[in-house]
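As you go down the protein sequences, you meet chains A and B in turn. Per our numbering, the first sequence starts with residue 44, numbered consecutively. Per our numbering, the second sequence starts with residue 44, numbered consecutively.
Protein chains: 2
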Amino acid sequence: MSTKSSPRAPRRPRTASPNRRERASDLRTAGAAAAPTFKPIHTRRTFEEICERIREQLALGVLKPGDKLPAERELAQQLGVSRNVLREALRSLEMAGVLKLQKGVKGGAFIQQGDTRRMNEVMRDMLSLGTISVRELSEARVHVLDLVVQLACANARRADLDALEANIERTELATREGRLLDRVECSREFYKLLAASTGNKVIAMIVDSVTEIHMRFVYAKVASSGVAMARLTEKRRQFLAALSERDVALASRLLRSHLESVQRMLEQDPGAMSLHVALADVQPGMRR
Amino acid sequence: MSTKSSPRAPRRPRTASPNRRERASDLRTAGAAAAPTFKPIHTRRTFEEICERIREQLALGVLKPGDKLPAERELAQQLGVSRNVLREALRSLEMAGVLKLQKGVKGGAFIQQGDTRRMNEVMRDMLSLGTISVRELSEARVHVLDLVVQLACANARRADLDALEANIERTELATREGRLLDRVECSREFYKLLAASTGNKVIAMIVDSVTEIHMRFVYAKVASSGVAMARLTEKRRQFLAALSERDVALASRLLRSHLESVQRMLEQDPGAMSLHVALADVQPGMRR
DNA sequence: TTCCATTGAATGGGTGATCCATTTAATAAT
DNA sequence: ATTATTAAATGGATCACCCATTCAATGGAA
């Protein structure tokens, strides 16, 4: 009922004063009435425009991590849009890890440090949507890790090696106490540390994104079958020794051999390799 | 708890009970009262929960690319949330490339094919936010491209090589006609094709994400200075020949040498390397 | 019949008002 | 001085609309 009872031409203010609406329209379709030149066709949606403006301020360096945006009500007024649509934009940016919204007085929208875990989410989505396959992901991981070994041998510092050593200790403890699932988490941490030891955060981010998914499969496998990689810490120690010696060839060989054995373990029971099982639930340490 | 004994009119307009509201409140306050272990702090908001549920359906394979979600009004009712908050969730998912919203009758929220360009956006944000540096990005690009050459030599197929050949033709044409900026776009395409020739979409996605940013710098440099890489197509042909011969060593050497000369060109004028210049505006072919 | 203009319903896009819940600072009471 | 109360600011969420776009159904004209 009460569909538009009037034809379209005259803007019908009805009860409310339409000043806000007109300003929003300016953003999108100004001059639609009598423009002789062709219009830019696609009516940008306001929330896209808002997102873009904020990202622009970011790229320009006007906004930096730690900065606070104006309060929603005020910012909405500044932009000439409704608070609801502004929130759609802010929410998108929050999901993208650019903003963090905090409640209460002194709250607001704060620019965040970049969250590298966002790339993990991209990988997950690509996998969920069938754009990439598990096989491609595993293959890419093997190759990237090979690269990481080279870089780590070249660049790893004392602190990096110590961190890896400490990780192996934790893994050993978890093994002795039979905490198999914790051990998987240790493994994930191991690769994260290894990637960090390259000294390149881009590489580290990439490695982490492909490793996170892989570890979900391992996790699911271990959780369901109870089996676990034998002689894990022993192999880790050998690898770390090679890394410390900057022996690229040996370290590379050891890692590749290990990755292959893990792969064999996973492929033993194809059922456990189900994408859905691995992606469905969220595990500790894998949440944003 | 969440039965707010509101002093005003009881909201009972809708058929659905506000169960969603109650559950959200439960999540927030459940652990606060009697939990012996510290709760995970995180305040769950409805739109997050909605996003997660939709992603869950995706991971489980219930939703697939091409599927359509119920209409906003209906889905909001099903979930027991307001339409506005549902839209916040849908918008986030749209920005994430998971959904596409289409207007009109027969419109709705459609699950998309995964958009690999999303990773580019992650890289851009990380750079904008200062989480990664241009140096790290360039370095990672060199290493990843080295890997790509190896894989391409092993896996490139006839069609891949032909596509690269065609790209070189276009580059040559653009060079002859003095369309320098188009030539930059050709270069970007070249690396995209090269990455695709590895046969691994994960690798391709990674390469594209690091190349896109790099090409913005090149673009800005070319646009401002008018200079352009000399003997570009000649070098491309040599490289392609090596690739066709599956000569990893030669192809790798040629590419690395080329990348170094480009890098030198960029570093000639540090001013042009400004992050802000490169990231600020959006170029053709680099929009989503 | 065939084709094209009109219509109307469904759907996303957007607005404004209103309320709730949380947080913090200022203030009052002890 | 310490603690409890209050008030204000802010994000979180809802409701009730309205607009613009799209597309199938309808109906009249060629």
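Heads up, the beta-carbon is just placed ideally off N, CA and C, and yes, glycines get one too.
Residue i beta carbon near the ligand MN (any heavy atom closer than 7 angstroms)
i: B:Leu224; result: Absence of the ligand MN from the depicted structure is noted, as is the absence of any ligand whatsoever, leaving it without description.
Own chain residues within Cβ distance below 7 angstroms of residue i, not counting five before or after
i: A:Gln338; result: There is no way to answer for residue 338 of chain A, as the model of chain A reaches only from 44 to 331.
i: B:Glu137; result: Lys143 and Leu144
i: A:Asp69; result: Model confidence at A:Asp69 stands at a pLDDT of 37, short of 50, so the residue's coordinates are unreliable; what they give is reported in the following sentence. Contacts found: none.
i: A:Ala42; result: The question about residue 42 of chain A has no answer here: the residues shown for chain A are numbered 44 through 331.
i: A:Leu112; result: Leu118, Gly151 and Ala152
i: A:Leu318; result: Leu170 and Val177
i: B:Gln311; result: none
i: A:Arg98; result: none
i: B:Pro108; result: Ile154, Gln155 and Gln156
i: B:Tyr234; result: Val250 and Thr254
Residue i: first and last residue of the uninterrupted alpha helix (DSSP H) it sits in
i: B:Lys264; result: Lys244 to Ser268
i: A:Lys278; result: Leu275 to Ser287
i: A:Met308; result: Val291 to Gln311
i: A:Ala171; result: Before going on, a small fix: residue 171 of chain A reads as Ser here, not Ala. Run containing A:Ser171: Arg161 to Ser171, per the alpha helix (DSSP H) assignment.
i: B:Arg231; result: Leu223 to Ala239
i: B:Leu112; result: Looking at the DSSP string, B:Leu112 is not in any alpha helix (DSSP H), and its letter there is neither H nor E.
i: A:Glu91; result: Thr89 to Ala102
i: B:Ser135; result: Arg126 to Met138
i: A:Arg213; result: Arg201 to Arg219
i: A:Asp189; result: Val177 to Asn198
i: B:Ala323; result: Leu318 to Ala323
Neighbouring residues, chain B, relative to residue i (Cβ below 8 angstroms)
i: A:Glu99; result: Ala323
i: A:Val192; result: In chain order: nothing, as chain B lies at least about 12 angstroms away.
i: A:Asn198; result: Near A:Asn198 there are no residues of chain B at all, since even the closest Cβ is about 10 angstroms away, more than 8 angstroms.
i: A:Val253; result: Val245
Beta-carbon neighbours of residue i, restricted to chain B and to distances below 7 angstroms
i: A:Arg161; result: Val165
i: A:Ser135; result: Arg134, Ser135 and Met138
i: A:Arg130; result: Glu131
i: A:Asn210; result: Within chain B, no residue comes near A:Asn210; the closest Cβ sits about 23 angstroms away, beyond 7 angstroms.
i: A:Ile256; result: Here the premise fails: no neighbours, minimum Cβ distance about 10 angstroms.
i: A:Thr93; result: Rather than Thr, the amino acid found at residue 93 of chain A in this sequence is Ile. In chain order: nothing, as chain B lies at least about 11 angstroms away.
Boundaries of the beta strand (DSSP E) in which residue i is found, first to last residue
i: B:Ile154; result: Gly151 to Ile154
i: B:Lys143; result: Leu142 to Gln145
Proximal chain A residues relative to residue i, where beta-carbon distance stays under 8 angstroms
i: B:Pro108; result: Leu172 and Gly173
i: B:Gly147; result: Result: empty, since nearest Cβ-Cβ is about 13 angstroms, beyond 8 angstroms.
8 angstroms contact criterion, which residue i and residue j should meet: CB distance rounded
i: B:Gly157; j: A:Leu275; result: Between A:Leu275 and B:Gly157 the Cβ distance is about 33 angstroms, and since that is not below 8 angstroms, they are no contact.
i: B:Leu180; j: B:Val253; result: 6 angstroms
i: B:Met162; j: A:Met162; result: 7 angstroms
i: A:Asn243; j: B:Glu182; result: 6 angstroms
i: A:Lys278; j: A:His301; result: 5 angstroms
i: B:Leu283; j: B:Ile211; result: 7 angstroms
i: A:Ala217; j: A:Asp205; result: 19 angstroms between Cβ atoms; not a contact.
i: B:Val165; j: A:Val245; result: Not a contact, Cβ separation roughly 11 angstroms.
i: B:Arg134; j: A:Ser135; result: 5 angstroms
i: A:Cys229; j: A:Arg213; result: 5 angstroms
Cutoff 6 angstroms; reference residue i; Cβ partners in own chain excluding five residues on either side
i: B:Glu131; result: Phe90
i: A:Leu106; result: Gln100 and Ile154
i: B:Ala321; result: Arg259, Phe260 and Ala263
i: B:Arg289; result: Cys196
i: B:Ile33; result: Because residue 33 of chain B is not part of the residues shown, which for chain B are 44 to 331, the question remains open.
i: A:Ile175; result: Met169
i: B:Ala323; result: none
Beta-carbon neighbours of residue i, restricted to chain A and to distances below 9 angstroms
i: B:Ile246; result: Glu179, Glu182, Ala183, His186 and Val187
i: B:Gln156; result: Leu172, Gly173 and Thr174
Nonlocal neighbours in the same chain, by C-beta distance under 8 angstroms from residue i, ignoring five residues either side
i: B:Gly269; result: Leu223
i: A:Ser295; result: Asp189, Val192 and Gln193
i: B:Ser125; result: Ala119
i: B:Ala76; result: Its pLDDT being 33, under 50, B:Ala76 is placed unreliably by the model, and the measurement read from it follows with that caveat. Excluding residues within five positions, none has a Cβ falling inside 8 angstroms.
i: A:Arg116; result: Arg126
i: A:Leu297; result: Lys278, Gln281, Phe282 and Ala285
Partners in chain B for residue i, counting only beta-carbon separations shorter than 9 angstroms
i: A:Val291; result: In chain order: nothing, as chain B lies at least about 14 angstroms away.
i: A:Val141; result: Asp168, Ser171 and Leu172
Interface residues of chain A facing residue i [CB-CB closer than 7 angstroms]
i: B:Phe90; result: Arg134
i: B:Gly104; result: His319
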